[in-house]
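Numbering that gives the first Met the number 0 numbers the first residue of the sequence shown as 0 and each following residue consecutively. As structure tokens, the structure follows; a few thoughts come after it.
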Amino acid sequence: MNKLAKAIQKFLTASPKRAIWFMSAPSAEFWKRQGEKSVLANFHFAAEKVPAYKDFLKKHGVKDHEKIKTIEEFKKYVPIIDKKNYLQTYPLDKMVSLDIRQTYVLSMSGGSTGKPIYHLSSREDFELFPAGMAAIFDYFWDICSPPRRVLFINAFAMGIWTGGSFGTFVLKKICDKYKTFSLLTPGADPERVVDILEKIGKYFEINWIAAYPTLLKLILDEGDRRGLDWKSFNIKIATGGEMLDAALYEYITEKVASKKQRLSTIFESYGGTEIGAPGFVTPLARMIKLLTIKKPTLSKAIFGNKDSLGSLFQFNPTASWAESIGGEIVVSKNGYMPLIRYNTHDLGYCFSFSTLMEILQRHKIAIEDELDKEGFYKPIFNWPFLTLTGRKDWAIALFGAKIAPQSLQPLINRDERILSFKISDRQEDSNAPQFMVYLQLKPSVNLSKEELAELEKQYSQKILNYLINSNFDFKDAYEINKEIATPKVKIYTFAQGPFLEDAKRIKPKLIQN
Numbered sequence: 000m001n002k003l004a005k006a007i008q009k010f011l012t013a014s015p016k017r018a019i020w021f022m023s024a025p026s027a028e029f030w031k032r033q034g035e036k037s038v039l040a041n042f043h044f045a046a047e048k049v050p051a052y053k054d055f056l057k058k059h060g061v062k063d064h065e066k067i068k069t070i071e072e073f074k075k076y077v078p079i080i081d082k083k084n085y086l087q088t089y090p091l092d093k094m095v096s097l098d099i100r101q102t103y104v105l106s107m108s109g110g111s112t113g114k115p116i117y118h119l120s121s122r123e124d125f126e127l128f129p130a131g132m133a134a135i136f137d138y139f140w141d142i143c144s145p146p147r148r149v150l151f152i153n154a155f156a157m158g159i160w161t162g163g164s165f166g167t168f169v170l171k172k173i174c175d176k177y178k179t180f181s182l183l184t185p186g187a188d189p190e191r192v193v194d195i196l197e198k199i200g201k202y203f204e205i206n207w208i209a210a211y212p213t214l215l216k217l218i219l220d221e222g223d224r225r226g227l228d229w230k231s232f233n234i235k236i237a238t239g240g241e242m243l244d245a246a247l248y249e250y251i252t253e254k255v256a257s258k259k260q261r262l263s264t265i266f267e268s269y270g271g272t273e274i275g276a277p278g279f280v281t282p283l284a285r286m287i288k289l290l291t292i293k294k295p296t297l298s299k300a301i302f303g304n305k306d307s308l309g310s311l312f313q314f315n316p317t318a319s320w321a322e323s324i325g326g327e328i329v330v331s332k333n334g335y336m337p338l339i340r341y342n343t344h345d346l347g348y349c350f351s352f353s354t355l356m357e358i359l360q361r362h363k364i365a366i367e368d369e370l371d372k373e374g375f376y377k378p379i380f381n382w383p384f385l386t387l388t389g390r391k392d393w394a395i396a397l398f399g400a401k402i403a404p405q406s407l408q409p410l411i412n413r414d415e416r417i418l419s420f421k422i423s424d425r426q427e428d429s430n431a432p433q434f435m436v437y438l439q440l441k442p443s444v445n446l447s448k449e450e451l452a453e454l455e456k457q458y459s460q461k462i463l464n465y466l467i468n469s470n471f472d473f474k475d476a477y478e479i480n481k482e483i484a485t486p487k488v489k490i491y492t493f494a495q496g497p498f499l500e501d502a503k504r505i506k507p508k509l510i511q512n
């Protein structure tokens, strides 16, 4: 970012109301043009300044990056990167634009795919981000202008992980500016969060809780057990790291929000350690999502299914550029450790603002009228949208910990009795949160009930020990709730239970939905 652009951005974000005016005033066409300019500039910057990316381009046939001048050429010629071919291939000091010793904040993924991924940020990366987030929080909850008494409770896992370290850093910066804001960092501990609300929450106008979706449910259940009147605390919520399904969203908002607040009570972000947080569920996106639940044809048009399975986000294309390639989300972001056309392997699609508005019109939906009915009268952002419908057979999530089926293959595939396996984060009968592991026996293997029970017990302990020692996030998740995180193993004979449909598939599913 050049000095003039930085000065303009600093001026705009200095006032939350000014920042929101700028985010909402420009047209969809403006954001499209500026997004294309930004991603091209970020590409050329990375190609010029980042040694690893220079080498990657050369190996993939891009010898002169300056010849790529249009967004069409960018999409045609710039190769796709991902964890395997880029982040796990090049050394860290070659993936940054400056000397690695200038790193300001280092974040790490939890090793859900077997190897943790590190992401480095510079001071410049963080310079304007807290002010931008303060503006977004003010847009949702009117907390900054004028400043209100707000207690931030960060219940994401603490330590080197993004939700804890990065989130706390941003909140501290916001608290430094707005002297009426306070911060507590209990980590992912439901009982402690409820203790804080009971003893301190009454002194604040707003109690803001940041936590993984599965942890939010445990916090609410713990509060109910103690007889908390949730609505008396004026709860606001920030969440991410896992998909927030419609049932849990309704459960949370019924507990803590009035009807006129349900579009803005929950701030839900999309992102990860590598890509940051490129998107979030705006009140507009939330309204559209709620409409898809009532209208299966609208859900089919947006999510590709009639059951409204998925999340809908908006993203600022000048901060992060998102594309959908082969049904997967590909993100480009700038910064000290830029990533250009990074395949997240999240399943979803991107829509321009205009395209999604046309879809609503075809379904005879006047979106502004729908927002009015919900009591939301603030300006909307004319940003593009992205959907998230899952991960490509990638991982389940428990309290923010990602567990990839591939990470368990070395442990299970050695057993000559086992043909295949699946994992899930839900019990099949009650849909309650639970780490489930399903094993399929080979056709020739027959075990007695006693042998099956013993083998299930052995695998539960074996998988638990393995993940505690290899997946840092899982270890934290286990400490949060040992019962839910302890794998419940169920063994099936060949082509039975969840494996019945696998015979019809070219490639069996490793995630049981």
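All C-beta atoms in this analysis are idealised placements derived from N, C-alpha and C, irrespective of residue type, glycine included.
Helix, strand or coil for residue i, going by three-state DSSP, please let me know.
{"i": "ALA18", "result": "helix"}
{"i": "HIS362", "result": "coil"}
{"i": "GLU327", "result": "strand"}
{"i": "TYR117", "result": "strand"}
{"i": "ASP81", "result": "coil"}
{"i": "PHE314", "result": "strand"}
{"i": "ASP220", "result": "helix"}
{"i": "PRO295", "result": "helix"}
{"i": "ARG416", "result": "coil"}
{"i": "SER351", "result": "coil"}
{"i": "LYS58", "result": "helix"}
{"i": "ARG340", "result": "strand"}
{"i": "LYS508", "result": "coil"}
{"i": "SER459", "result": "helix"}
{"i": "GLU373", "result": "coil"}
{"i": "ALA400", "result": "strand"}
{"i": "ILE395", "result": "strand"}
{"i": "GLU322", "result": "strand"}
{"i": "THR88", "result": "coil"}
{"i": "LYS68", "result": "coil"}
What are the residues that DSSP puts in a beta bridge with residue i?
{"i": "TYR437", "result": "LYS421 and LYS489"}
{"i": "SER181", "result": "LEU150"}
{"i": "LEU446", "result": "Answer by DSSP bridge pairing: none, since LEU446 is not bridged."}
{"i": "TYR269", "result": "GLY278"}
{"i": "VAL104", "result": "SER120"}
{"i": "ASN333", "result": "Paired residue(s): none; ASN333 is not in a bridge."}
{"i": "PRO432", "result": "ARG425"}
{"i": "PHE125", "result": "PHE125 is not bridged to any residue."}
{"i": "PHE384", "result": "GLN313 and PHE350"}
When burial is assigned at 16 or more other CB atoms within 10 Å of the CB, is residue i buried or exposed?
{"i": "SER263", "result": "buried"}
{"i": "THR69", "result": "exposed"}
{"i": "GLY325", "result": "exposed"}
{"i": "ARG225", "result": "exposed"}
{"i": "ASP371", "result": "exposed"}
{"i": "ARG261", "result": "buried"}
{"i": "GLY374", "result": "exposed"}
{"i": "TRP320", "result": "buried"}
{"i": "PRO486", "result": "buried"}
{"i": "ARG148", "result": "exposed"}
{"i": "GLN313", "result": "buried"}
{"i": "PHE498", "result": "buried"}
{"i": "ASN468", "result": "exposed"}
{"i": "ASN512", "result": "exposed"}
{"i": "PRO90", "result": "exposed"}
In its own chain, which residues sit with a C-beta less than 6 Å from the C-beta of residue i, not counting the 5 before and 5 after it?
{"i": "ASP92", "result": "ILE99"}
{"i": "VAL255", "result": "TRP229 and ILE234"}
{"i": "ALA476", "result": "LEU397, PHE398, ALA400 and ALA484"}
{"i": "PRO78", "result": "HIS59"}
{"i": "GLU241", "result": "TYR211, PRO212 and ALA396"}
{"i": "PRO432", "result": "THR213 and ILE483"}
{"i": "VAL49", "result": "SER96"}
Closer than 7 Å by C-beta to residue i: which residues in its own chain qualify, once you throw out the five before and the five after it? Chain order, please.
{"i": "SER23", "result": "PRO378, ILE379 and PHE380"}
{"i": "ASN41", "result": "SER331, ASN333, PRO337 and ILE339"}
{"i": "LEU290", "result": "LEU297, ILE364 and GLU369"}
{"i": "PRO15", "result": "ALA133, ALA134, ASP137, CYS143 and SER144"}
{"i": "LEU418", "result": "GLN439, LEU440, LYS441 and PHE493"}
{"i": "ASN304", "result": "SER298"}
Within 8 Å of any Cβ in chain D, is that where the Cβ of residue i sits?
{"i": "SER164", "result": "Considering every chain present, this structure includes no chain D. It has just one protein chain."}
If you drop the 5 nearest sequence neighbours on each side, which residues of the same chain put their C-beta closer than 8 Å to that of residue i?
{"i": "THR102", "result": "VAL95, LEU119, SER120, SER121 and TYR335"}
Given 7 Å as the limit, tell me if residue i has its C-beta closer than that to any heavy atom belonging to the ligand MG.
{"i": "LYS176", "result": "This structure simply doesn't include the ligand MG, nor any ligand for that matter."}
Whole runs of the beta strand (DSSP E) within the region 133-174, excluding any shorter than 3 residues
Listed in chain order, they are 149-153.
Segments of 3+ residues assigned as beta strand (DSSP E) that fall wholly inside the region 194-242:
The region 194-242 contains these whole beta strand (DSSP E) runs: 205-209 and 234-238.
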